[in-house]
Ligand code: PMP
């Protein structure tokens, strides 16, 4: 007898979460692990943002907002974009349910079955899963060993089926931050092929060594995605925004109407407050943690200093990540093997978004395993 299919659509078989599942299965057996795997800040939402969202609930702002987002938040976002990128009537704005929501809408709006989506490897896993889900083909461009984006390699990966180029700076999982020159070189390639660039800038505030440069400031044909999850520790509030060429944003808005409907109303109210909130203290704190990681692992592992986000992507001893991660887990430190984010499994990702005590303990154990 054949097994029942439970009517699961064929596209679901194109999602493969086995890599990360294996890690979580191992983690489930750990008692009080030193957890260096978490992709979210360890600080809390700013107090005034919480107050604003609670007030919004009390004021009765519990209903649908406009699909594109509340006027107050759209105005705040447009003002911020105007200051940073210069104002433009060609740009549309959409408040999304996190950057994840923006990515889902972008992929469904832009990618046909069989289209190729180019992104740098290592990559944020959602790029690969969503490309597969919509029937696209992933074209990862290798950036090892220093994780710099090579415009020449990107150009070589482009074919007449290429539909999108996704970039992510500061990057998850590598912490790489792209320079203005690198972005301009990528822009030149994209322009030549008339390609839309999706720029995931969710870590834009976490930039330690040089000022952040947005892809949207060097290339107009950019769909820019930003969020509140990391800068203001609002991961559970599901809030982000998209801006880019008006026709693209309009189509994404139409799809939002028939899917997410709108981002959570009280989160949008809090978001208006969040945009004006100074997070430099947290950024300075994470820069200090980045330095601790570099001091403790740099030499032992040959780690190139990450310049942003809150991750380090560390070469595994012997060049094989999974056995090293298994050893780390056996020593009670939870890290993620690079194969989850890459075609290669030669590195491991640590998140340093945790308290100093845990971080130092975990790094000490990892350093001990390397020697
Ligand atoms: N992009 C990147 C690079 C991320 O690391 C994450 C979160 N881990 C997201 C997008 C999704 O963030 P959000 O909470 O805004 O959906």
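Residue numbers (the working numbering): 1430 to 1800. Backbone N, C-alpha and C fix where the C-beta goes; we use that ideal spot for every residue, glycine too. Quantities reported herein were computed from a predicted structural model and do not represent experimental measurements.
- Helix, strand or coil: which one does DSSP assign to residue 1770? As a first step, residue 1770 must be located in the chain shown, where it is residue number 341. In the structure shown, residue 1770 adopts helical secondary structure according to DSSP, grouped into three states.
- Message: Just to confirm, is the Cβ distance from residue 1537 to residue 1670 under 9 Å?
- Response: Here residue 1537 refers to the residue found at position 108 when the chain shown is read from its first residue. Here residue 1670 refers to the residue found at position 241 when the chain shown is read from its first residue. The answer is no: Cβ separation not under 9 Å.
- Item | Straight-line Cα distance separating residue 1723 from residue 1556 | As a working note, residue 1556 is residue 127 in the chain shown. As a working note, residue 1723 is residue 294 in the chain shown. Cα to Cα, the separation comes out at about 28 Å.
- Query: Taking the DSSP output, what are the residues bridged to residue 1636?
  - Reply: Counting from 1 along the chain shown, the entry for residue 1636 is found at position 207. Partner(s): 1737.
- Query: Whose CB is closer than 6 Å to a heavy atom of the ligand PMP? List the residues in chain order.
  - Reply: Selection output, chain order preserved: 1468, 1527, 1528, 1529, 1553, 1597, 1601, 1629, 1631, 1656, 1658, 1664 and 1669.
- From residue 1440 to residue 1565, what distance separates their C-alpha atoms? Here residue 1440 is taken as the residue at index 11 of the chain shown, counted from 1. Here residue 1565 is taken as the residue at index 136 of the chain shown, counted from 1. Residue 1440 and residue 1565: Cα-Cα distance of roughly 11 Å.
- Between the segment 1507–1526 and the segment 1637–1654, do at least 3 Cβ pairs fall closer than 8 Å? Flag = yes, the segment 1507–1526 and the segment 1637–1654 touch.
- Item | Whole-angstrom distance between residue 1612 and residue 1588, CA atom to CA atom | Here residue 1588 is taken as the residue at index 159 of the chain shown, counted from 1. Here residue 1612 is taken as the residue at index 183 of the chain shown, counted from 1. If I take the Cα positions, the gap works out to 20 Å.
- Task: Answer yes or no: do residue 1757 and residue 1721 have a C-beta to C-beta separation smaller than 9 Å?
- Result: Position 328 of the chain shown, counted from the first residue, corresponds to residue 1757. Position 292 of the chain shown, counted from the first residue, corresponds to residue 1721. Contact: no.
- Determine the DSSP secondary structure at residue 1655, reduced to helix, strand or coil. Along the chain shown, read from residue 1 onward, the residue named residue 1655 stands at position 226. Judged by DSSP in its simplified three-state form, residue 1655 adopts strand.
- Message: Can you tell me whether residue 1786 is helix, strand or coil according to DSSP?
- Response: Here residue 1786 refers to the residue found at position 357 when the chain shown is read from its first residue. Under the three-state reduction of DSSP output, residue 1786 falls in the helix class.
- Message: Once DSSP output is grouped into helix, strand and coil, what is the label at residue 1551?
- Response: For the purposes of this step, residue 1551 is identified with residue 122 of the chain shown, where counting begins at 1. The answer is coil: DSSP assigns residue 1551 none of H, G, I, E or B.
- Message: Quick check for students: name the residue ranges of the alpha helix (DSSP H) that lie wholly in the segment 1462–1489, counting only runs of 4 or more.
- Response: Within the segment 1462–1489, the runs of alpha helix (DSSP H) at least 4 residues long that lie entirely inside it are, in chain order, 1476–1488.
- Task: Grab me the residues of residue 1467's own chain with a C-beta within less than 8 Å of its C-beta, minus the 5 sequence neighbours each way, in chain order.
- Result: Working through the chain shown from its first residue, we reach residue 1467 at position 38. Excluding sequence neighbours, residue 1467 sits near 1780, 1782 and 1783.
- Give the secondary structure of residue 1444 by DSSP, where H, G and I count as helix, E and B as strand, and everything else as coil. In the chain shown, counting from the first residue as 1, residue 1444 sits at position 15. Coil.
- On a CA-only basis, which of 1715, 1603, 1692 and 1529 is nearest residue 1802? Give me that one, please. For residue 1802 there is no data in the structure shown, the boundaries of the chain being 1430 and 1800.
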